[in-house]
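So the structure is just underneath, and the comments pick up after that.
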Amino acid sequence: MSITALVSHPSLPLSLAGEPADGFAGWAAGLVDTMGGPGAGLAIALENLFPPLPSEVILPLTGFAAGQGVIGLASALFWTTLGSVAGAMALYWIGALFGQRRMHALWARLPLVKVSDLERTERWFARHGTKAVFLGRMVPIFRSLVSVPAGVERMPTHVFLALTTLGSLVWNGVLVLAGYWLGERWDLVEGYVGVLSKAVLVLVLVALAAFLAVRLKGRGRTAGHSRGRAQHRRSS
Numbered sequence: 295m296s297i298t299a300l301v302s303h304p305s306l307p308l309s310l311a312g313e314p315a316d317g318f319a320g321w322a323a324g325l326v327d328t329m330g331g332p333g334a335g336l337a338i339a340l341e342n343l344f345p346p347l348p349s350e351v352i353l354p355l356t357g358f359a360a361g362q363g364v365i366g367l368a369s370a371l372f373w374t375t376l377g378s379v380a381g382a383m384a385l386y387w388i389g390a391l392f393g394q395r396r397m398h399a400l401w402a403r404l405p406l407v408k409v410s411d412l413e414r415t416e417r418w419f420a421r422h423g424t425k426a427v428f429l430g431r432m433v434p435i436f437r438s439l440v441s442v443p444a445g446v447e448r449m450p451t452h453v454f455l456a457l458t459t460l461g462s463l464v465w466n467g468v469l470v471l472a473g474y475w476l477g478e479r480w481d482l483v484e485g486y487v488g489v490l491s492k493a494v495l496v497l498v499l500v501a502l503a504a505f506l507a508v509r510l511k512g513r514g515r516t517a518g519h520s521r522g523r524a525q526h527r528r529s530s
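Sequential numbering from 295 applies to the sequence shown in the numbering used here.
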C-alpha cells in the first residue's frame, strides 16, 4: 500500500486531527509516493523557504514511510537533510545579496529602532553566530530565519554549510526517527513540536512587546524633556 493510501485510509489513525485526507499531510505523502526520498527532500526545502509549512508533519511522515518500507531510513535522513541545507543556502544567499549596506539603509528608516541596535546585534552575531546557526536549526521559527543574518553578515560559506548540515541532521533525525518508531501514531509528533513552536512564538512576542514598551517610554521621556527645555528658553 502506498504512503498516500495509508495516510488517507479512514480505518487507520493517521490523518491529522481536523485535517482532510487531501490536506498538507496528503500532499507531502504524495510527494514521497511519487518521488521517494527526493520528494521528502523537496518538501523540506520548501518548508525552509516558507516557514508556515510544518516540518513537524513532513519529517515524522517521512519516518513513517521508511518504517513501512516505502523508502529506506538512510534515504529518508539523507534527502530530508539535503533539502534542509538547500533551503537554508537559498536564504543565506538572499541575505548575502541584500548585504550589510542595504540592511543599514533599511534599518535607518524603521520606526522605534536605532542603528546602534543593529550594530549591537551585528557584534553579538560576530561573537555567537556559529552557535546561533547550529542551535537555531533545532528551534522552530528560527530554523529558517537564522540563515538570513548569516548571509547578511557573510559568515564563511563552508562554516555555514557545515553548521547547517549538522544542526539539520540532528533536528531531522529526531523527527524522522520519531515517525519511524511511532509507526501509525507518527502524527503525535506534530502535537509536541506544535507546543514548542507556540512557546517560542509567545516568547518572541513578549520580548518584542517589552522592547517596544521600553522604547516608547524612552521616547516619551525624551519628548517631555525637550518640551520642558523649549518652554524654559521661551520664559527666559
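Glycine included, every Cβ here is placed at the ideal spot set by N, Cα and C.
Simplified DSSP assignment, three categories, for residue i
i: A315; result: In this prediction, A315 scores a pLDDT of 49, lower than 50, which makes its location untrustworthy; no coordinate-derived value is stated.
i: I338; result: helix
i: P348; result: coil
i: P307; result: In this predicted model, P307 has a pLDDT of only 36, less than 50, meaning its place in the structure is not dependable; the value taken from the coordinates is given anyway. Correct three-state label for P307: coil.
i: Q394; result: helix
i: D481; result: coil
i: R431; result: coil
i: V326; result: helix
i: G363; result: coil
i: E413; result: helix
i: R509; result: helix
i: R421; result: helix
Residue j beta carbon less than 9 Å from that of residue i
i: G423; j: M397; result: no
i: G389; j: A334; result: no
i: Y386; j: T328; result: no
i: E350; j: E447; result: no
i: W401; j: V409; result: yes
i: V494; j: F454; result: no
i: A399; j: T458; result: no
i: W373; j: P348; result: no
Distance between beta carbons of residue j and residue i, contact taken as under 8 Å
i: A337; j: L325; result: 5 Å
i: Y486; j: G361; result: In fact, because the Cβ distance is near 18 Å, the residues do not count as touching under 8 Å.
i: S378; j: N342; result: 6 Å
i: V442; j: V427; result: The Cβ separation is near 11 Å, so there is no contact.
i: G477; j: L371; result: At roughly 17 Å, the Cβ-Cβ gap does not stay under 8 Å, so G477 and L371 are not in contact.
i: I352; j: G330; result: Not a contact, Cβ separation roughly 14 Å.
i: L355; j: W480; result: 6 Å
Residue i - containing alpha helix (DSSP H), residue span
i: K408; result: From DSSP, K408 is part of no alpha helix (DSSP H); its letter is neither H nor E.
i: R437; result: 436-439
i: G461; result: 451-476
Residue i beta carbon near the ligand HEM (any heavy atom closer than 8 Å)
i: L336; result: For the structure depicted, the ligand HEM is absent and the ligand set is empty, with no information on it obtainable.
Checklist line | Stretch pair the region 425-434 + the region 457-472: three plus CB contacts closer than 8 Å | finding: yes
Item checked: the region 321-335 in contact with the region 351-361 per 3-pair CB rule at 8 Å -> yes
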